Amino acid sequence: MKKALFLDRDGVLNRERGDYTYTVEGFEVLPDVAEALKLALGKGYLLVVISNQGGIAKGIFSQERVEQLHTLMADQLATSGVHFDEIYYCGHHVQAGKCLCRKPGSLMLEKALARFSIDASQSVMIGDNQRDVDAAAKVGVKGFLIEPNSGILNLVEKLQ
Ligand SMILES: [Mg+2]
Ligand SMILES: [Zn+2]
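Structure representation (C-alpha cells):
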C-alpha cells in the first residue's frame with residue numbers, strides 16, 4: 000500500500016489572504032512549497048490536496064476559477080518536477096446545505112484512500128485549521144496543524 004501527504008490548500012500551499020483566495024493576481028504559491036513537495040515525493044508520498052472552497056456555494060467565485068487556480072498552481076510546481084496525484088475540493092457550504100465532503104467531513108480523504116490504495120496509518124495531513132486535522136483524524140491519518148502561511152518544509156523534513 001502507498002502512503003500519502005494530504006495537503007490543505009489555502010495557507011499551506013498558497014498564501015492565505017483573509018477569508019477567500021480566488022483572484023489570479025492574488026494567488027501565490029508559498030516559497031518553500033516546491034522544495035518541500037519534492038522532498039515528500041522523494042520519501043515516497045503521494046501528494047493529494049484536500050480543500051474546502053465554500054466560496055463557490057456562496058457565489059463569491061466560480062468552479063471555473065477554482066480550476067483555473069489549480070492549473071496555475073500545477074503548472075508552476077511542474078517546473079520543479081512536482082505533480083499532485085489529485086486535487087479534491089468541496090465547493091459546498093453549510094449556509095447552502097450540508098454535505099459530507101466539506102472538512103471536518105472526511106469524504107474527500109476517504110475517496111483518495113480508496114482510489115489510490117493508501118495506507119491511512121502511514122499517511123499525514125498538513126493543515127492550518129483545526130477542521131483539517133479533525134477530518135484526517137476521522138480516517139486515521141495523522142494531522143499536523145501549522146500557522147497559516149508559515150511553510151511546510153521543516154515539517155516535511157521530519158517525515159519518515
Ligand atoms: Mg487553509
Ligand atoms: Zn462538500
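In numbering that gives the first Met the number 0, the protein residues as written are 0 to 159.
Cβ atoms here follow ideal geometry from the backbone N, Cα and C, with glycine treated the same way.
Since the structure is predicted, the reported quantities are computational estimates derived from the model, not experimental observations.
Nearest to residue i (by Cα), restricted to the options the options
i    : options                   : result
D133 : G139, L144, V155 and P103 : P103
G53  : H82, D18, N128 and V47    : D18
E24  : A56, R64 and A136         : R64
F83  : M0, I145 and A35          : A35
F43  : K1, Q94 and D118          : Inspection of the sequence shows that residue 43 is occupied by Gly rather than by Phe. Nearest C-alpha to G43: K1.
S50  : S149, E146, K141 and A135 : A135
Q62  : E27, Y21 and L40          : Y21
G96  : G150, K57 and K141        : K57
L40  : R16, A77, G10 and R14     : A77
K137 : I145, Q121, L106 and D118 : L106
G126 : Q159, P147, F60 and V93   : P147
G139 : D9, A119, G10 and Q94     : A119
Q161 : F60, I145, M72 and V123   : What is shown of the chain runs 0 to 159, which leaves residue 161 out entirely.
Other residues of its chain near residue i: CB distance less than 6 angstroms, five sequence neighbours each side excluded
i    : result
R130 : K102 and P103
V47  : A3, F5, D84, E85 and A111
H91  : A56, C98 and R101
Nearest-angstrom Cβ-Cβ length linking residue i and residue j, presumed shorter than 8 angstroms
i   : j   : result
L45 : V32 : The Cβ separation is near 16 angstroms, so there is no contact.
R8  : E27 : Not quite, the Cβ-Cβ distance comes to about 12 angstroms (not below 8 angstroms), so this is no contact.
In DSSP terms, what residue i is bridged to
i    : result
K1   : I117
L112 : Bridge partners of L112: none, in fact.
E85  : V47
D174 : Past the boundaries of the shown model lies residue 174; the chain is included only from 0 to 159, so the question cannot be answered.
I125 : L6 and F143
V28  : N13
Close-in-space but distant-in-sequence residues of the same chain around residue i (CB under 8 angstroms, 5 per side omitted)
i    : result
G150 : L29, P30, D31, V32 and A35
V81  : A33, L36, K37, L40 and L46
Close beta carbons around residue i, own chain, < 7 angstroms, minus the five adjacent residues each side
i    : result
S79  : A33 and K37
S116 : M0 and K1
- Is the number of C-beta pairs between the stretch 64-72 and the stretch 138-157 that are closer than 8 angstroms three or more? no
Q) Below 8 angstroms, can you find three or more Cβ-Cβ pairs linking the stretch 110-118 to the stretch 74-89? A) Three or more beta-carbon pairs separated by less than 8 angstroms link the stretch 110-118 to the stretch 74-89, which places the two stretches in contact.
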